[in-house]
Amino acid sequence: MRRKETKDNRYFSSSFLHFSMTFATEFVPTAGEVGMLPMLTYFFMTVAAYCFLGNVFFSLLTNQSVAPEHRISRAYGGVIALVAGVSYLLITRFYHGMLQDLSHLTDPAARAALIRHSYQAIGQYRYMDWAVTTPLLLLKASSMLRIRYHEAAKAITIMLLADFFMVLTGYIGEQQLTASGEIITSGKLLWGAISTVGYVVAVVALYGLYKRFAARGNDTERWGFRFIGLTTVTTWGVYPLGYMLTMTSIDLNYIHLAFSVFDVFNKVGISVVAYLVGKRLLDERLDEKKVLDGYATA
Numbered sequence: 536m537r538r539k540e541t542k543d544n545r546y547f548s549s550s551f552l553h554f555s556m557t558f559a560t561e562f563v564p565t566a567g568e569v570g571m572l573p574m575l576t577y578f579f580m581t582v583a584a585y586c587f588l589g590n591v592f593f594s595l596l597t598n599q600s601v602a603p604e605h606r607i608s609r610a611y612g613g614v615i616a617l618v619a620g621v622s623y624l625l626i627t628r629f630y631h632g633m634l635q636d637l638s639h640l641t642d643p644a645a646r647a648a649l650i651r652h653s654y655q656a657i658g659q660y661r662y663m664d665w666a667v668t669t670p671l672l673l674l675k676a677s678s679m680l681r682i683r684y685h686e687a688a689k690a691i692t693i694m695l696l697a698d699f700f701m702v703l704t705g706y707i708g709e710q711q712l713t714a715s716g717e718i719i720t721s722g723k724l725l726w727g728a729i730s731t732v733g734y735v736v737a738v739v740a741l742y743g744l745y746k747r748f749a750a751r752g753n754d755t756e757r758w759g760f761r762f763i764g765l766t767t768v769t770t771w772g773v774y775p776l777g778y779m780l781t782m783t784s785i786d787l788n789y790i791h792l793a794f795s796v797f798d799v800f801n802k803v804g805i806s807v808v809a810y811l812v813g814k815r816l817l818d819e820r821l822d823e824k825k826v827l828d829g830y831a832t833a
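To convert a position in the sequence shown, counted from 1, into our numbering, add 535.
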């Protein structure tokens, strides 16, 4: 009997030790271990990932709920959401690993260094995301006015190449680091300036498309185009601001947090706007008896 109790105790101790080790490496630390700001940052990263993955289903399920000529916009929205969702799952996973390391550090300087160095590594996934999603956002804007590629091939090509150039050179700017992870300020400023050129060209090309094709759309479609277009000259400004702030002593969790919030607005928010435009056009064409809560029943 005593041998059985000893065996059971050993099994319990072994199981508890295994659980403790798993808990220490797999579960999310608490604010008491890492601080409130990192936990809020992790929270918003995770929520952003859920928003994007939810928007994938939203785009698919509402494809038949918009005017036929605006269904391509739902496809753009689905691809944007899928790419962003996968990116944020990766970002969240690696940030989780950083939190585990942070929970074992007590020296403020060491904690700050870990946050700063991890930001440079984790932030790379944002640029890979933007290289795909920002050109699609611009195409989403042009789809509001039903612009076909062959109608403005040169302008659309310039716009997309300029946007990709902006993201690529911004990524190169983020890589201006020493072997110890310190930012090379001169190099980062130079590549930031080069990236701005691509941004300006993309915005000018987008505005040119509006001037050329605005008369084609109705008031609802023009509103959708202007709303999406305005985000490129307003909310997109958060990203170069964050780029510049990395060269200051700011806690980079604030930048992580801001990027997460504005990524959701610029991708999920725009998807909702495009849906409302297409849905309103469909509602105007169909009898009220054929529409139920935005879903065509006929």
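Just so it is clear, CB atoms sit at the ideal spot from N, CA and C, and this is done for glycine as well. Everything numeric in this text was worked out from a predicted model, so none of it was measured.
Item to complete: For my contact list, Leu811 and Glu756 are in at a C-beta cut-off of 8 angstroms; report their separation, rounded to the angstrom.
Response: So it is not a contact: roughly 11 angstroms between Cβ atoms.
Fill in: For Ile650, the three-state DSSP class (helix, strand or coil)
helix
Item to complete: For the alpha helix (DSSP H) containing Pro564, list its first residue and its last residue.
Response: Taken as a continuous stretch (DSSP letters only), Pro564 belongs to no alpha helix (DSSP H), as it is neither H nor E.
Worksheet item: Using a Cβ-Cβ cut-off of 7 angstroms (strictly less than) and excluding sequence neighbours within five positions of Val702, which residues of its own chain qualify?
Response: Tyr662, Trp665, Ala666, Thr669
Worksheet item: Helix, strand or coil: how does DSSP classify Ile718 here?
Response: strand
Worksheet item: Are Gly759 and Val808 touching if we call contact CB-CB under 8 angstroms?
Response: yes
Item to complete: Locate the alpha helix (DSSP H) running through Arg681, then write down its first and last residues.
Response: Run containing Arg681: none; DSSP gives neither H nor E here.
Discussion item. Assuming Ser594 is part of the alpha helix (DSSP H), what are its boundary residues?
Written reply: 571-596
Discussion item. Within the continuous alpha helix (DSSP H) that includes Met701, where are the two ends?
Written reply: 688-709
Discussion item. Quick check on the DSSP output: what are the complete alpha helix (DSSP H) runs of length 4 or more inside the region 606-663, in order along the chain?
Written reply: 606-637, 643-657
Worksheet item: Beta-carbon separation of Met633 and Ser608 under 8 angstroms?
Response: no
Fill in: Per-residue DSSP class, three states only, for Leu787
coil
Worksheet item: Got a sec? Which residues, its chain only, sit under 6 angstroms from Phe762 by beta carbon, not counting five neighbours each side?
Response: Val808
Worksheet item: Does DSSP put Asp712 in a helix, in a strand, or in coil?
Response: It should be pointed out that residue 712 corresponds to Leu in this sequence rather than to Asp. In the structure shown, Leu712 sits in a strand (DSSP, three-state: E or B).
Worksheet item: For Gly752, does the three-state DSSP call read helix, strand or coil?
Response: coil
Worksheet entry | Whole-angstrom C-beta distance between Ala616 and Val591, which should lie under 8 angstroms | 5 angstroms
Worksheet item: Between Leu746 and the rest of its own chain, which residues show a CB-CB distance below 8 angstroms, the 5 nearest in sequence each way excluded?
Response: Checking the sequence, you will find Lys at residue 746 rather than Leu. So no residue of the chain qualifies.
Worksheet item: Per DSSP, what kind of secondary structure is Leu821 in: helix, strand or coil?
Response: coil
Discussion item. Could you check whether Leu588 and Gly613 sit closer than 8 angstroms to each other, using their CB atoms as the reference points?
Written reply: no
Worksheet item: Nearest-angstrom Cα distance between Arg820 and Leu672?
Response: 27 angstroms
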